[in-house]
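**Q** Under mature numbering (1 follows the signal peptide of the UniProt record, and there is no 0), read the sequence shown as residues -30 to -1, 1 to 924, first letter to last.
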Amino acid sequence: MNLYTSTIVSSFACLQLILLISSNIQWCQANSLGNETDRIALLQFRSGITSDPFGITCGRRHKRVTSLNITGQNLVGAISPYIGNLSFLRTLKLFDNSFTGEIPQKVGNLLWLRYLDLGKNILGGYIPTNLSHCTRLEVIGFSYNKLVGKIPEDIGSLVELKYVGVHRNNLTGKLPSSLGNLTLLNFLYAGFNNLVGKIPVEIGKLSSLTNISIGVNRISGTIPKTLFNISSLSLFAITENKIRGTIPYDIGLNLPKLIFFGIAENEFSGLIPDSFGNASKLELLDIGQKNFVGQVPATLGNLKYLQELNLGHNSLGSRSTNDLAFLPSLKNCTNLNILDLVANNFGGVLPTSLTNFSQLSEIILGKNRLTGQVPSSIGNLSHLSLLYLYENHLEGNFPSSIGNCQFLGQLDVSENKFSGTIPKEILSLPSLSQLLNLSWNSLTGNLPTEVGNLKQLNTLDISANNLSGEIPTSIRQCLSLEKLYMNANFFQGSIPSSLASLKGLQELDLSRNNLTGEIPQDLQSLQFLSYLNLSFNDLEGEVPTRGVFTNASAVSLIRNKKLCGGVPEFFLPKCPTKKTRKSIAFKLSIIIPCLAVSAFLIFIILSCLWRRKSKRKSLSRTTTVGKLLNVSYKDLHQATSGFSESNLIGLGSFSSVYMGFLDQLQRHVAIKVLNLQNMGASKSFLAECKTLGNIRQLNLVKILTYCSSLDYKGNEFMALVYQFMENGSLENWLHPDLDKGSTKKNFDLLQRLNIAIDVSSALHYLHDECESSIIHRDLKPGNVLLDKDMIAHVSDFGVAKIISTINNFSQSLTSTSRIKGTMGYTAPEYGMGSEASKKGDIYSYGILVLEMFSGRRPVDKIFKDELNLRDFIRMAMPQRLEHIVDPVLLETEATREATSRKNDNNAIEINMNLSSMKPKVQNCLLVVFEIGVTCSSESPNDRMNAGDVNRNYI
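This is the structure:
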């Protein structure tokens, strides 16, 4: 009760109002016309709702209604426009009810109104335009409704406002610049709307502002610098917008009262300022899902009140051992509950100091580069409720001490290198209720029967391990399971019918195991089951026809050759009748012994023939691709961190190339994944297998192994695994993408010359030294890869053509009849329908050489009409040689020359004039350009062959 309110009215007046309105309503003495107006207004207000208001007070002097405070009474209905007749009303609080309709415009008649809170209702429509008449307003609360339209621009005329709350509506438009007039404003809440535009610079004038929350909108631009200077700010929340920029280096000094700082999911970048350590009251620091780089400052350890630290989804760390060196400094943060460092570049081992924070409840370290073992002291984190370590390189046995974490509800350690058996202590945690994910590791042994202890668990994923044995029947005790993934293991035996006890099961994947027997008929009773994968097993018998089995698109049964029946969409054979089965069994009892005897005789005959044939001397040839180590989809998925975009190093029309570390070979490799949706990709795969599987030469990319399988969605998957080239492609050296962070490389004359010789040596081998000549047909800088010693290797034989020396037979494994190759590098005769030839490769080589030493692409924008790269070079030779040499090469050689002849003051004078360089440099460039021009002649007859090219370099 405030200055304007009076005591509750007499029991007699209350009795009158009980008769008129309801019980439990307070009323003012009705002895004047004004009071009668208020009474009628309240009656009208009452007529619009379905339950009784209370909390009405009147002024001591005029006996008029001054406060209508009805909070949390579950009132349903509309707000009557008669509310505008309560002209002495100072407080209108209808918070937390179920009022619908619009806010009456007549609220603008309440000229004495100071406190207006209609939040947490179901109000729609617009914010009243005449609210600006209520010039005494100090509080506007419209949050948690369904208001639409804009925040009125004239809100800035309400200069007494201290609180504006319009969050969680459907408001649009911009934040009004007039907000800058509200010099007394303490709280501005406008989050969870559809606001656009920039943050008005005028808001930076609000020197009294303590809380600003405008997150989850579509606001863009940068934050006004003046906003970072409002020293009274304690809450700064702008998450989930499109705001860009950097955090000021002195933010912790300028905002010393910060308690909550959240700017996650915007477009910020740069470093995390050390000065955050000066904001000593900070409780939550959320700067996740941005582009922050560098190391995490150890000064965060000064934040003794810190409860949540979210730095996830950035580019922090450098994959080095010291990336988590800041963690020990957090020992002073005794209130820390949540540590989120997911999806960064943190490397090194998981420090044991992490386990000293016994108050931690959530640790999220997934998608980093952590190595080593999980410390056994992890069990010290007795309050832990969530532990995410997925997609790292952690190894060894997972510590059994995790059983001490009796509050653990979620555990995800998938996509690591954990080995050994599943600790029974994990399966004995009754607190595990949401997730247990051990998938994509190297766990062995059986699934312990203790799995039945997980009675509250929602999701269990143990897929893609090396688990074996039978599926324990105790799993039927996991009555809360909704998702169960056990695929890609070595489970054997039959599918337990007890799985039908899991009445809430929605997804079940048992594919890629060694399961036998029939599909339990009871599975069709699972009414919520919407996904069932039993593929790649050895199941037999009749497929059920009810429940999930009626929807063939929800069930996968492929590679179970003994199944029959089911709905027609499975395209399975009909099941034999009992009579037919007996007949078949009788026949098999006779046929099988006969076949066995026949097979034995055939084996004896073939063995004799093979021994005789082995004595003959056969033609020597290199190892074929069929003899290479075969790897699985799982191996490649793990080697590339799930084919992560961060590992993507190349993208072509038929394929994507990833960098990875393959355990079987203990080395880094390049993995070329075929895009099988692109016509011709599978033929490209066969072409590379056929070509590279039978040839070996220093300057050809080496195929290490291959994979032709299915992914875990049952889709066809093909990939080739090559020797990894540390220095990337020639394309990246010639034309670094400076806009994407690449740096200009010092690519000197000798390096380029050696690469040119390497490529010509590869062509000479392909054309003239193989048993069958091979035409590459797509030679270009992007297909020339450089190893750590800058030795060049020709790659990508997806459109190669093999020409047999016998009967001049040619074979191409690509699937289309279009011109093969890349624009600018393709021989002109190909455009006129000529067959692929060695001279076509030589043309491409000539263009490549000219590009290497001129630095210009053959499709450079200066080449139009009749001018091309070859003519551009040819017309400048030899007098204007320095005009066609790559400026980067010219600068590199000029610097080398200058360094070798320092003046008396030990200074270096660089002369970019080619004529000032040694004659051998000029002669070398001239020879190289002549080779390029000759090889790229328009007529094939005027071009050299690969052997001649090599001799010309000598």
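Think of the CB as a built atom: it goes at the ideal place given N, C-alpha and C, for glycine as much as any other residue.
As the structure is a computational prediction, the values presented were derived from the model and not from experiment.
If you draw a straight line from the C-alpha of Ser814 to the C-alpha of Asn716, how long is it?
**A** As a position in the sequence shown, residue 814 is number 844, starting the count at 1. As a position in the sequence shown, residue 716 is number 746, starting the count at 1. Their Cα atoms are separated by approximately 25 Å.
**Q** Please report the distance separating the alpha-carbon of Ser782 from that of Val769.
**A** Within the sequence shown, numbered from 1, the residue matching residue 782 stands at position 812. Within the sequence shown, numbered from 1, the residue matching residue 769 stands at position 799. The pLDDT assigned to Ser782 is 46, lower than 50, so where the model puts this residue is not dependable; a value taken from the coordinates is nonetheless given after this. So the two alpha carbons sit approximately 7 Å from each other.
**Q** Between the alpha carbons of Gly54 and Leu155, how many angstroms are there, rounded?
**A** For the purposes of this step, residue 54 is identified with residue 84 of the sequence shown, where counting begins at 1. For the purposes of this step, residue 155 is identified with residue 185 of the sequence shown, where counting begins at 1. Roughly 26 Å separates the two Cα atoms.
**Q** Using only the alpha-carbon positions, how far apart do Lys168 and Lys301 sit?
**A** If you number the sequence shown from 1, residue 168 lands on position 198. If you number the sequence shown from 1, residue 301 lands on position 331. Going by the C-alpha atoms only, they are around 39 Å apart.
**Q** Please state whether the Cβ-Cβ distance between Asn139 and Phe112 is less than 8 Å.
**A** Sequence index remark: in the sequence shown, residue 139 carries index 169 (1-based). Sequence index remark: in the sequence shown, residue 112 carries index 142 (1-based). Cβ distance < 8 Å, so Asn139 and Phe112 count as in contact.
**Q** Please confirm whether Asp87 and Val109 have their CB atoms less than 8 Å apart.
**A** Here residue 87 corresponds to residue number 117 of the sequence shown, with the count starting at 1. Here residue 109 corresponds to residue number 139 of the sequence shown, with the count starting at 1. Against a cut-off of 8 Å, the Cβ pair of Val109 and Asp87 comes out as a contact.
**Q** Is it the case that the Cβ atoms of Asp256 and Glu278 are separated by a distance below 8 Å?
**A** As a working mapping, residue 256 is identified with position 286 in the sequence shown. As a working mapping, residue 278 is identified with position 308 in the sequence shown. Yes, the Cβ-Cβ distance between Asp256 and Glu278 is below 8 Å.
**Q** With H, G and I counted as helix, E and B as strand and the rest as coil, what does DSSP make of Ala138?
**A** For the purposes of this step, residue 138 is identified with residue 168 of the sequence shown, where counting begins at 1. The sequence given here has Arg at residue 138, not Ala. Three-state DSSP puts Arg138 in coil, outside helix and strand.
**Q** From the DSSP output, which residues share a beta bridge with Asp310?
**A** The count along the sequence shown starts at 1 and reaches residue 310 at position 340. Answer is Asn280, Ile334, bridged to Asp310.
**Q** Where Gly810 and Thr796 are concerned, what is the direct C-alpha to C-alpha distance, given to the nearest angstrom?
**A** Taking the first residue of the sequence shown as 1, we reach residue 810 at position 840. Taking the first residue of the sequence shown as 1, we reach residue 796 at position 826. Gly810 and Thr796: Cα-Cα distance of roughly 7 Å.
**Q** Between the C-alpha atoms of His103 and Val134, what's the straight-line distance to the nearest angstrom?
**A** Here residue 103 refers to the residue found at position 133 when the sequence shown is read from its first residue. Here residue 134 refers to the residue found at position 164 when the sequence shown is read from its first residue. Taking the straight line from one Cα to the other gives about 16 Å.
**Q** If you count every other CB in all the chains shown that lies within 10 Å of the CB of Ile776, and 16 or more means buried, which is it?
**A** Here residue 776 refers to the residue found at position 806 of the sequence shown. With a pLDDT of only 41 at Ile776, under 50, the local geometry of the prediction cannot be trusted, and the value read off the model is given with reservation. Per the 10 Å Cβ criterion, exposed.
**Q** Given Asn115, which residues of its chain have a CB within under 8 Å of its CB, disregarding the five upstream and five downstream residues?
**A** Your numbering for residue 115 matches position 145 in the sequence shown. Excluding sequence neighbours, Asn115 sits near Leu88, Gly89, Lys90, Asn91, Ile92, Leu93, Gly94, Arg138, Asn139.
**Q** What three-state label does DSSP hand Lys144 in the structure shown?
**A** Residue numbering aside, residue 144 sits at position 174 when the sequence shown is read from its first letter. If DSSP states are grouped into helix, strand and coil, Lys144 belongs with the strands.
**Q** For Ile812 and Cys905, what's the separation of their Cα atoms in angstroms?
**A** Translated into the one-based positions of the sequence shown, residue 812 becomes position 842. Translated into the one-based positions of the sequence shown, residue 905 becomes position 935. Distance between the alpha carbons of Ile812 and Cys905 is about 6 Å.
**Q** Kindly list the residues whose CB is nearer than 6 Å to the CB of His734, restricted to its own chain and excluding five residues on each side of it in sequence; keep chain order.
**A** Counting from one through the sequence shown, the residue named residue 734 turns up at place 764. Contacts found: Ala916, Gly917, Asn920.
**Q** Just verifying my parser: in three-state terms, what is the DSSP assignment at Tyr923?
**A** One-based indexing of the sequence shown puts residue 923 at position 953. Here Tyr923 sits in helix by DSSP.
**Q** Can you tell me which of Ala640, Leu408, Ile392 puts its alpha carbon nearest to the alpha carbon of Leu755?
**A** As a first step, residue 755 is located in the sequence shown; it is residue number 785 there, counting from the start. Answer by Cα proximity: Ala640.
**Q** Would you say the beta carbon of Phe206 comes nearer than 7 Å to a heavy atom of the ligand ADP?
**A** With respect to the ligand ADP, the structure offers nothing, as it holds no ligand at all.
**Q** Assuming Val639 is part of the alpha helix (DSSP H), what are its boundary residues?
**A** Within the sequence shown, numbered from 1, the residue matching residue 639 stands at position 669. From DSSP, Val639 is part of no alpha helix (DSSP H) but of the beta strand (DSSP E) over 637 to 644.
**Q** Report the residue from Leu499, Phe506, Ser500, Leu451 whose alpha carbon sits nearest the alpha carbon of Gln462.
**A** Here residue 462 corresponds to residue number 492 of the sequence shown, with the count starting at 1. The residue with the shortest Cα to Cα distance from Gln462 is Phe506.
**Q** With DSSP collapsed to three states, give me the class of His259.
**A** The residue given as residue 259 occupies position 289 in the sequence shown. The amino acid at residue 259 is misidentified as His; the sequence shows Gln. Of the three classes helix, strand and coil, the one that applies to Gln259 here is coil, per DSSP.
**Q** Is the CB-CB distance between Thr180 and Leu152 below 8 Å?
**A** Position 210 of the sequence shown, counted from the first residue, corresponds to residue 180. Position 182 of the sequence shown, counted from the first residue, corresponds to residue 152. Their beta carbons are not under 8 Å apart, which means Thr180 does not touch Leu152 by this criterion.
**Q** In the DSSP assignment, what are the bridge partners of Leu294?
**A** Start at 1 with the first residue of the sequence shown, and residue 294 comes out as number 324. Per DSSP, none; premise fails for Leu294.
**Q** Can you check which of these residues, Ser730, Val136, Thr515, Thr419, is closest to Ile901 by C-alpha distance?
**A** Residue 901 sits at position 931 when you count from the first residue of the sequence shown. The shortest Cα separation from Ile901 among Ser730, Val136, Thr515, Thr419 belongs to Ser730.
**Q** In whole angstroms, what is the alpha-carbon distance linking Thr41 and Phe69?
**A** Working through the sequence shown from its first residue, we reach residue 41 at position 71. Working through the sequence shown from its first residue, we reach residue 69 at position 99. Distance between the alpha carbons of Thr41 and Phe69: 11 Å.
**Q** Would you mind working out which of Ser526, Glu361, Leu690, Ser323 sits nearest Ile334, comparing C-alpha positions?
**A** Your numbering for residue 334 matches position 364 in the sequence shown. Nearest of Ser526, Glu361, Leu690, Ser323 to Ile334, Cα basis: Glu361.
**Q** Do the CB positions of Gly379 and Ser401 come within less than 8 Å of each other?
**A** Position 409 of the sequence shown, counted from the start, is the residue given in the question as residue 379. Position 431 of the sequence shown, counted from the start, is the residue given in the question as residue 401. Yes, the pair counts as a contact, with Cβ atoms nearer than the cut-off.
**Q** Name the residue from Ser807, Leu45, Glu863, Gln892 whose alpha carbon lies nearest to the alpha carbon of Ser909.
**A** Counting from 1 along the sequence shown, the entry for residue 909 is found at position 939. Nearest C-alpha to Ser909: Ser807.
**Q** When the distance is taken between beta carbons, is Ile173 closer than 8 Å to Leu197?
**A** As a position in the sequence shown, residue 197 is number 227, starting the count at 1. As a position in the sequence shown, residue 173 is number 203, starting the count at 1. Yes, the Cβ-Cβ distance between Leu197 and Ile173 is below 8 Å.
**Q** Where DSSP assigns a beta bridge to His763, which residues make up the other side?
**A** The residue labelled residue 763 in the question sits at position 793 within the sequence shown. For His763, which the question treats as bridged, DSSP gives the partners Leu755.
**Q** Return the chain-ordered list of same chain residues with a C-beta closer than 8 Å to the C-beta of Val166, the five sequence neighbours on each side being excluded.
**A** The residue you call residue 166 lines up with position 196 of the sequence shown. Closer than 8 Å at the Cβ level, and outside the excluded window around Val166, lie Thr142, Gly143, Lys144, Asn187, Arg188, Ile189, Ser190.
**Q** Taking a contact to mean a Cβ-Cβ separation below 8 Å, would you say Val898 touches Ala726 in this structure?
**A** Start at 1 with the first residue of the sequence shown, and residue 898 comes out as number 928. Start at 1 with the first residue of the sequence shown, and residue 726 comes out as number 756. For Val898 and Ala726, yes; Cβs fall inside 8 Å.
**Q** Using a Cβ-Cβ cut-off of 6 Å (strictly less than) and excluding sequence neighbours within five positions of Leu700, which residues of its own chain qualify?
**A** Position 730 of the sequence shown holds residue 700. Answer for Leu700: Pro751, Val754, listed in chain order.
**Q** Look at the Cβ atom of Leu286, then the Cβ atom of Asn261, and state whether they are nearer than 8 Å.
**A** Taking the first residue of the sequence shown as 1, we reach residue 286 at position 316. Taking the first residue of the sequence shown as 1, we reach residue 261 at position 291. Taking 8 Å as the Cβ cut-off, Leu286 and Asn261 do not qualify as a contacting pair.
**Q** Rounding to the nearest angstrom, what Cα-Cα distance links Ser331 and Leu351 in this structure?
**A** As a working mapping, residue 331 is identified with position 361 in the sequence shown. As a working mapping, residue 351 is identified with position 381 in the sequence shown. So the alpha carbons of these two residues sit roughly 8 Å apart.
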